[in-house]
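For reference, the structure is listed below as structure tokens.
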Amino acid sequence: MLRGTVTASVWATKRIDGIPGGAFLEVELDGGGRMVAFDVLGTGMGERVLVVQGSVAASWFTARQVPPPIDALIIGSIDDPQ
Amino acid sequence: MLRGTVTASVWATKRIDGIPGGAFLEVELDGGGRMVAFDVLGTGMGERVLVVQGSVAASWFTARQVPPPIDALIIGSIDDPQ
Amino acid sequence: MLRGTVTASVWATKRIDGIPGGAFLEVELDGGGRMVAFDVLGTGMGERVLVVQGSVAASWFTARQVPPPIDALIIGSIDDPQ
Amino acid sequence: MLRGTVTASVWATKRIDGIPGGAFLEVELDGGGRMVAFDVLGTGMGERVLVVQGSVAASWFTARQVPPPIDALIIGSIDDPQ
Amino acid sequence: MLRGTVTASVWATKRIDGIPGGAFLEVELDGGGRMVAFDVLGTGMGERVLVVQGSVAASWFTARQVPPPIDALIIGSIDDPQ
Numbered sequence: 001m002l003r004g005t006v007t008a009s010v011w012a013t014k015r016i017d018g019i020p021g022g023a024f025l026e027v028e029l030d031g032g033g034r035m036v037a038f039d040v041l042g043t044g045m046g047e048r049v050l051v052v053q054g055s056v057a058a059s060w061f062t063a064r065q066v067p068p069p070i071d072a073l074i075i076g077s078i079d080d081p082q
Numbered sequence: 101m102l103r104g105t106v107t108a109s110v111w112a113t114k115r116i117d118g119i120p121g122g123a124f125l126e127v128e129l130d131g132g133g134r135m136v137a138f139d140v141l142g143t144g145m146g147e148r149v150l151v152v153q154g155s156v157a158a159s160w161f162t163a164r165q166v167p168p169p170i171d172a173l174i175i176g177s178i179d180d181p182q
Numbered sequence: 201m202l203r204g205t206v207t208a209s210v211w212a213t214k215r216i217d218g219i220p221g222g223a224f225l226e227v228e229l230d231g232g233g234r235m236v237a238f239d240v241l242g243t244g245m246g247e248r249v250l251v252v253q254g255s256v257a258a259s260w261f262t263a264r265q266v267p268p269p270i271d272a273l274i275i276g277s278i279d280d281p282q
Numbered sequence: 301m302l303r304g305t306v307t308a309s310v311w312a313t314k315r316i317d318g319i320p321g322g323a324f325l326e327v328e329l330d331g332g333g334r335m336v337a338f339d340v341l342g343t344g345m346g347e348r349v350l351v352v353q354g355s356v357a358a359s360w361f362t363a364r365q366v367p368p369p370i371d372a373l374i375i376g377s378i379d380d381p382q
Numbered sequence: 401m402l403r404g405t406v407t408a409s410v411w412a413t414k415r416i417d418g419i420p421g422g423a424f425l426e427v428e429l430d431g432g433g434r435m436v437a438f439d440v441l442g443t444g445m446g447e448r449v450l451v452v453q454g455s456v457a458a459s460w461f462t463a464r465q466v467p468p469p470i471d472a473l474i475i476g477s478i479d480d481p482q
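Residue numbers (my numbering), protein chains in the order written: chain A, 1 to 82; chain B, 101 to 182; chain C, 201 to 282; chain D, 301 to 382; chain E, 401 to 482.
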């Protein structure tokens, strides 16, 4: 898993079928680089997140017979250090 | 997912079986680098796109019993910021 | 597989469903870079580990019909050289 | 998909079972780096090719119940620009 | 596939279940970098090898209902140039 910070929303009105309910979020990765991850948690700007990549991001959507075309999923928000 | 801009078409007349209808497009990635992604949306030159990588690109083609030999798929066009 | 050293725990109270019992651990990779790997072995801080990446990390959880959203798993502790 | 140029053959007489008929070819990637891709098209030295990576390279071999241990496949020769 | 040279054995006595018979070997990759690959061929130190990565490394172990937690497999020894 990678860690990063949500920095923006990404909108794609023209899209292929099969993308589930949720949001595309830009994530600035710890260590550098940016990616777009799918979010179903309602994650907000500036939140620190844990992102999973690859086919497991798609196979999480178990109600669907066909995995959606998603290759990065926010699986949680990282707790603040105490 | 990665973001980039479509910069060229790529043609491969001599090819293996099983490649679905669509186009190979060169995508210049945000942050640097180029890749070739498969397109079924009729995306044009200069369009900003969202690209999914890996086996989920192939498993999207659900009408096919065998996933096609495609490892990158344009899943949408990124909306212009307003 | 990659090798690295466990350097911290990562906590994510707000998370999606389906994450199995275990811990998220920060691993500093040999050769540079950091990642978060899932641990079911009770690995401690400073332990040297072997990490597997990708869908095989998820499919190891065989009791589950749906593979968990995990893309990196600690598969063992590297023995000290003798 | 990646683009590159075939630069050499790679021979491996001592090998595991399950590798299909075809050739291992060294491909010099556009943008730098080299990899070994599997070829079933009879691609020759110097040909420009399109390479797919990951599990889709293996699942293309549909006549086989078990996907072969192949993670990169030449899916076509890139046409010369006209 | 990647090419490299076997440089060391890696031992992990404390490990998760499901790792098949074979050895973990350190491979120094052509072009730089090191990884740990699983070996079932009895490959020796200094041998030049071809390594496959990802889920196909695991799915090669066909006698197992559950693919083992292995993401890199030595599929052959590269023949010496003649």
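Glycine included, C-beta positions come from ideal geometry on N, C-alpha and C. Bear in mind that the values here come from a model prediction, so they are computed numbers and not experimental data.
Own chain residues within Cβ distance below 8 Å of residue i, not counting five before or after
i        : result
D/Val336 : Val310, Phe324, Leu325, Glu326, Val327, Ala372
B/Arg115 : none
A/Ala8   : Leu25, Glu26, Met45
Distance, residue j Cα to residue i Cα
i        : j        : result
E/Gly404 : B/Pro181 : 46 Å
C/Ala257 : C/Ile270 : 6 Å
C/Gly254 : B/Ser177 : 27 Å
C/Trp260 : D/Ser359 : 20 Å
C/Thr262 : B/Asp117 : 34 Å
A/Leu41  : A/Gly22  : 8 Å
B/Gln165 : E/Gln465 : 22 Å
Run of the beta strand (DSSP E) containing residue i, from where it starts to where it stops
i        : result
C/Ala258 : Unbroken run through C/Ala258 is the alpha helix (DSSP H), 255-259; no beta strand (DSSP E).
E/Gly476 : 472-477
C/Met235 : 234-239
E/Val406 : 402-410
A/Ser28  : Contrary to the premise, residue 28 of chain A reads as Glu rather than Ser in this sequence. Element bounds for A/Glu28: 23-29.
Contact set for residue i: own chain, Cβ-Cβ below 6 Å, skip 5 residues either direction
i        : result
C/Ile275 : Leu250, Val252
D/Leu302 : Leu329, Val351
B/Pro167 : Ala158, Ser159
A/Pro85  : This structure cannot settle anything about residue 85 of chain A, because the visible part of chain A is limited to 1 through 82.
Distance between beta carbons of residue j and residue i, contact taken as under 8 Å
i       : j        : result
A/Ala12 : B/Asp139 : Not a contact, Cβ separation roughly 14 Å.
Sequence-distant residues of the same chain with beta carbon closer than 7 Å to residue i, five excluded per side
i        : result
C/Thr243 : Val206, Leu225, Val249, Ile274, Ser277
Any chain F beta carbon closer than 8 Å to residue i
i        : result
E/Ser477 : No chain F is part of this structure, whose protein chains are labelled A, B, C, D and E.
TODO: Would you check if the region 137-153 of chain B and the region 428-448 of chain E touch, i.e. whether three or more CB-CB distances between them fall below 8 Å?
DONE: no
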